[in-house]
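Residue numbers (UniProt numbering): 1 to 252.
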């Protein structure tokens, strides 16, 4: 099994060296199964250079966007790269490049896939999870979105963290979704793309588990990219669109 790790990065020159250094510190038995894709989303700083410099001992590839296309397209680029290189039983892990996600959780998420899950969510809102280091407004946004989607949308009601950007996916389930939606798998540019992907994958009837995750927001060195009001509007638009859009015309 290969773990394809996708790191969407926009102006993360300060955070990437620390994050990649933490991956380098993982045991060799874990690093040997890891292929890292840094999706450089039109960064205007030294993100690409520092990623290349900090990649010593890691199997790391940089995927360049000539301009900033947004998180949604960066995730889409990562999915396409993983599908091109991987096999159906391989795993794709998506995580933030700002050093707030602990690399030691990657093997645990991948193990959840090996044990039968199709999607493993690193969850701040289950027992053992924590988001107390995040700013109050961001915590309110994440919890409010989780409550909204848990209440109004037809998804597994046991899911607690809908907006987490730290997840593992069985590659075969992503392949099935891409065959149906193609480039429309992710249409949201911003942070709402994480919820959009989860909603569309539900038509594949995935087995979803949550793994406790302690957000390390105090490690963040780069400026936050999230626009709170815009993200709230994106969530509301996504919820409405999902309610009125017809389901896929055939089984995925």
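Where is the CB? At the ideal position from N, CA and C, for every residue including glycine. Bear in mind the structure is a predicted one, so any value in this text is a computation, not a measurement.
Can you tell me where the beta strand (DSSP E) with residue i in it begins and where it stops?
{"i": "residue 261", "result": "Look at the range of the chain in this structure, 1 to 252, and you will see that residue 261 is not part of it."}
{"i": "residue 101", "result": "Unbroken run through residue 101: none, as it is neither H nor E."}
{"i": "residue 159", "result": "Segment: none, residue 159 is in no beta strand (DSSP E) and carries neither H nor E."}
{"i": "residue 61", "result": "60-65"}
Is the separation between the beta-carbon of residue i and that of residue j shorter than 7 Å?
{"i": "residue 162", "j": "residue 146", "result": "yes"}
{"i": "residue 171", "j": "residue 86", "result": "yes"}
{"i": "residue 97", "j": "residue 16", "result": "yes"}
{"i": "residue 206", "j": "residue 118", "result": "yes"}
Please classify residue i: is it buried, with 16 or more other beta-carbons within 10 angstroms of its beta-carbon, or exposed?
{"i": "residue 100", "result": "buried"}
{"i": "residue 89", "result": "exposed"}
{"i": "residue 122", "result": "buried"}
{"i": "residue 236", "result": "exposed"}
{"i": "residue 194", "result": "buried"}
{"i": "residue 240", "result": "exposed"}
{"i": "residue 234", "result": "buried"}
{"i": "residue 76", "result": "buried"}
{"i": "residue 137", "result": "exposed"}
{"i": "residue 182", "result": "exposed"}
{"i": "residue 140", "result": "exposed"}
Taking the alpha-carbon positions, what's the residue i to residue j distance?
{"i": "residue 91", "j": "residue 168", "result": "7 Å"}
{"i": "residue 125", "j": "residue 143", "result": "8 Å"}
{"i": "residue 238", "j": "residue 192", "result": "8 Å"}
{"i": "residue 103", "j": "residue 19", "result": "8 Å"}
{"i": "residue 95", "j": "residue 5", "result": "8 Å"}
{"i": "residue 164", "j": "residue 204", "result": "20 Å"}
{"i": "residue 53", "j": "residue 208", "result": "36 Å"}
{"i": "residue 212", "j": "residue 127", "result": "7 Å"}
{"i": "residue 60", "j": "residue 70", "result": "21 Å"}
{"i": "residue 199", "j": "residue 218", "result": "30 Å"}
{"i": "residue 187", "j": "residue 177", "result": "13 Å"}
Ordered along the chain, which non-local residues of its own chain (more than five positions away) have a Cβ less than 7 Å from that of residue i?
{"i": "residue 11", "result": "43, 44, 45, 47, 222"}
If you drop the 5 nearest sequence neighbours on each side, which residues of the same chain put their C-beta closer than 6 Å to that of residue i?
{"i": "residue 74", "result": "8, 39, 41"}
{"i": "residue 129", "result": "123, 212, 213"}
Once you ignore the five residues that flank residue i on each side, which residues in its own chain have a CB closer than 8 Å to its CB?
{"i": "residue 57", "result": "24, 31"}
{"i": "residue 51", "result": "9, 16, 20, 38, 40, 60, 62"}
Where do the N-terminal and C-terminal ends of the alpha helix (DSSP H) with residue i fall, by residue?
{"i": "residue 20", "result": "16-24"}
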